[in-house]
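The opening position of the sequence shown corresponds to residue 603 in my numbering, with each subsequent residue numbered one higher.
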Amino acid sequence: MQRHAPVKPIWICAACAHPWPCGNARLNLLVEYHGDRKTMALDLAGLMSEASEDLTRICPKPPDPMDLYPRFLGWARRGAPPNVGYFDR
């Protein structure tokens, strides 16, 4: 069984090909960082920055940070269920 990890520099999930972090990756992150959401958010912020740089380099149209925020941080910051983005509420 393949791990729900990012495939860089395109930032899709290695297991399901959804944008990373996919729902399963989010669940795994919640388990991995149980009780330490601040550290999880800091790590995700770093990954969001890395993804933004990668996607800006390889895509003809750079990603909008407002699109990356709910994907990487919005769900974690609000403690939303792993498959619900901040702006989806």
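Using N, Cα and C, we set each Cβ at its ideal position, and we do this for glycine too.
Residues bridged to residue i [DSSP beta-bridge criterion]
| i | result |
| --- | --- |
| I614 | V609, P621 |
CB of residue i within 8 angstroms of CB of residue j, strictly
| i | j | result |
| --- | --- | --- |
| R628 | A616 | no |
| R659 | P623 | no |
| L670 | L646 | no |
| A643 | W613 | no |
| L657 | P664 | yes |
| R673 | P621 | yes |
| N626 | C618 | yes |
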